[in-house]
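The structure appears right after this line, and notes come after that.
Protein chains: 2
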Amino acid sequence: MRDVFHEELESITADHLKMTALVRDAIESATKALLNADLQLAEKVIADDLAVDTIQHNLDERTINIMARQQPVASDLRRLVSSLRISADLERMGDLAHHIAKLARMRFPNKAVPDEVVETIAEMGFAASRIVDKMAVVLEFHDTNRALEIDADDDEMDKLQRKLISTILGPDWKHSVESAVDMAFASRYYERFSDHAVSIAQRVYYTETGEFAPKS
Amino acid sequence: MRDVFHEELESITADHLKMTALVRDAIESATKALLNADLQLAEKVIADDLAVDTIQHNLDERTINIMARQQPVASDLRRLVSSLRISADLERMGDLAHHIAKLARMRFPNKAVPDEVVETIAEMGFAASRIVDKMAVVLEFHDTNRALEIDADDDEMDKLQRKLISTILGPDWKHSVESAVDMAFASRYYERFSDHAVSIAQRVYYTETGEFAPKS
């Protein structure tokens with residue numbers, strides 16, 4: 022009975038990793054689509070978000086069925102509840118990549134990103150991909166050290182967002198208000214994307230150690 | 022045994038309603054603080070958000086303990102999982118009211134809201150309060166008709182957001198980029214606040230009927 026249960030836990034992790042891979046592709050492609058005004062790529066990210074939602078839907082059904090059949094207590098039950106929350110975070114990360122792609126599509130054939138902030142947006146994209154890669158390791162290997170590192174990576178993301186906001190609000194901003202608002206929203210999407218990765222890392226940390234992750 | 026379980030379910034709903042009342046106060050006060058540059062009120066909303074987080078934390082612990090003790094299956098288990106998701110949505114609604122209050126605090130002693138958009142922001146605040154009131158009825162009485170109405174209320178919120186965005190991006194906007202970005206973020210917070218209410222209503226609908234709520 023216990024073996025079946027542990028196999029089931031592993032299959033949940035496998036689905037989390039599938040979602041993670043999709044979300045990683047999505048944020049990377051959405052960033053490219055945004056920077057290069059690539060409509061085709063933007064459309065692909067928007068369409069592919071359905072795959073993340075579908076995995077989440079089926080996974081959550083399966084997780085609830087495992088709860089009903091196995092009647093787990095204590096740490097096993099917590100692990101399943103945590104799994105449901107992790108899949109919700111991943112689904113939301115997919116949505117945020119989708120929002121970034123929609124910004125690219127909305128401004129096509131123009132580039133949504135003015136030259137002055139290309140570098141910062143590119144850095145936010147890289148930071149997001151890096152955080153997702155680390156999150157995949159945390160999920161796959163229950164790596165609590167990496168889980169703690171993600172908090173610092175998120176600080177870096179927050180710093181990039183502040184830099185972007187100060188550029189668009191600075192005296193040298195010569196682009197439209199529309200462009201400033203687009204970039205403000207884009208930075209918010211990256212920042213929230215990163216927050217959800219932090220939240221996933223904290224859930225894994227808590228499940229593994231029984232303690233809340235210390236704040237960086 | 023079943024009676025204890027149903028009492029426990031009722032006590033979960035009671036906590037959801039407590040959170041709802043706090044979140045309702047928060048969004049109403051945050052809107053006032055934003056419109057009137059009321060620093061004291063903004064600080065109160067920011068400080069009070071902790072109360073919502075604390076209820077959620079304790080409630081989730083209790084809900085997981087009920088799962089472990091009662092070993093519910095089928096619809097009772099689904100109801101508990103749904104409760105966890107509802108408390109997460111409520112906690113997030115509290116955060117969003119908190120974000121609006123922080124906008125007010127950031128611009129104090131200036132008013133964050135330019136005259137041209139005072140009416141729209143006020144309407145978004147009213148719409149948010151109305152949606153929370155309806156959501157409270159849905160939660161308390163498992164009212165599936167009201168649950169469906171919330172989707173239409175959310176459409177109204179989306180319309181207000183589009184109106185606000187088109188004002189700040191319109192040719193007559195004579196205020197700063199900073200002000201436009203503030204208002205864009207504010208509108209996003211109201212819109213997300215409303216989305217979480219929709220999500221709660223849909224969860225109640227699903228728990229009560231076993232079917233997904235039709236889209237408006």
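Protein chains in written order, with my numbering: chain A, 22 to 237; chain B, 22 to 237. Cβ atoms here follow ideal geometry from the backbone N, Cα and C, with glycine treated the same way. The structure presented is a predicted model; accordingly, all values stated were derived computationally and were not measured.
- By the Cβ criterion, the stretch 224-232 of chain A is not in contact with the stretch 79-89 of chain B, since fewer than three pairs of Cβ atoms, one from each stretch, lie closer than 8 Å.
- Rounded to the nearest angstrom, the gap between the Cα atoms of S150 (chain A) and L80 (chain B) is 34 Å.
- I189, L190: these are the residues of the stretch 174-190 of chain B whose beta carbon lies less than 7 Å from some beta carbon of chain A, given in chain order.
- With 16 or more other CB atoms across the displayed protein chains lying within 10 angstroms of its CB, D70 (chain A) is buried.
- Excluding five sequence positions before and after Y211 (chain B), the CB atoms of its chain that fall closer than 6 Å to its own CB belong to M145, A149, given in chain order.
- Shown here is that no member of the stretch 66-79 of chain A has a Cβ falling below 8 Å from a Cβ of chain B.
- Ranked by how close their Cα comes to the Cα of G115 (chain B), the residues B:A201, B:D174, B:V198, B:H217 have B:H217 in first place.
- Across the set A:E28, A:H37, A:L111, the C-alpha of A:E28 shows the shortest separation from the C-alpha of D97 (chain A).
- By the Cβ test, the stretch 163-183 of chain B is not in contact with the stretch 50-68 of chain B, since fewer than three Cβ pairs between them sit closer than 8 Å.
- Contacts with chain B (Cβ-Cβ distance below 7 Å) from the stretch 90-106 of chain A involve Q92, V94, A95, L98, R99, V102, L105, listed in chain order.
- Think of a sphere of 7 Å around the beta carbon of A201 (chain B): the chain A residues whose beta carbon falls inside it are V198, A201, V202, in chain order.
- Shortest Cα-Cα distance from T75 (chain A) to any of A:R45, A:S108, A:D203 involves A:S108.
- Excluding residues up to 5 positions away in sequence, R167, A168, A222, V225 lie with their Cβ nearer than 6 Å to the Cβ of V159 (chain B) in the same chain.
- With the criterion set as a beta carbon lying under 7 Å from some beta carbon of chain B, the stretch 109-127 of chain A has no members that meet it.
- The stretch 185-195 of chain B makes no contact with the stretch 121-130 of chain B, as fewer than three CB pairs between them are under 8 Å.
- Residue-level contact by beta carbon holds for A205 (chain B) and chain A, with a gap shorter than 9 Å.
- Note on S200 (chain A): 16 or more other CB atoms within 10 angstroms of its CB, so buried under the neighbour-count rule.
- Against chain B, the CB of M88 (chain A) has a partner CB under 9 Å away; the residue lies at that interface.
- Boundaries for E232 (chain B): no alpha helix (DSSP H) harbours it, and the DSSP string shows neither H nor E there.
- For I85 (chain B), the nearest beta carbon of chain A is closer than 9 Å to its own beta carbon.
- In this structure, R90 (chain B) sits away from R209 (chain A), with a CB-CB distance that is not shorter than 9 Å.
- Between A143 (chain B) and D203 (chain B) a beta carbon distance of about 16 Å is seen, past the 8 Å cut, so the two are scored as non-contacting.
- A straight line joining the alpha-carbon of A157 (chain A) with that of I171 (chain A) spans about 11 Å.
- Taken in chain order, the complete alpha helix (DSSP H) segments of 4 or more residues contained in the stretch 62-93 of chain A number zero; there are none.
- With a threshold of 9 Å between beta carbons, R209 (chain A) makes contact with chain B.
- For L190 (chain A), there is no enclosing alpha helix (DSSP H), as DSSP gives it neither H nor E.
- Just so you know, the alpha carbons of L117 (chain B) and D24 (chain A) end up roughly 43 Å apart.
- For T228 (chain B), the closest of B:D164, B:M178, B:A72 by C-alpha to C-alpha distance is B:D164.
- The Cβ atoms of L38 (chain B) and V73 (chain B) lie no closer than 9 Å to each other.
- With a cutoff of 9 Å on beta-carbon distance, A51 (chain A) and A42 (chain A) are scored as not near each other.
- L55 (chain A) places its beta carbon less than 9 Å from that of A207 (chain A).
- Across the structure, D46 (chain B) and L60 (chain B) are spaced so that their CA atoms are roughly 16 Å apart.
- Contact between I48 (chain A) and F214 (chain A) holds, with the beta-carbon distance rounding to 6 Å and staying under 8 Å.
- With a contact defined as Cβ atoms closer than 8 Å, L105 (chain B) and V102 (chain A) qualify at about 7 Å.
- When rounded, the separation of the alpha-carbon atoms in K236 (chain A) and F26 (chain A) is 33 Å.
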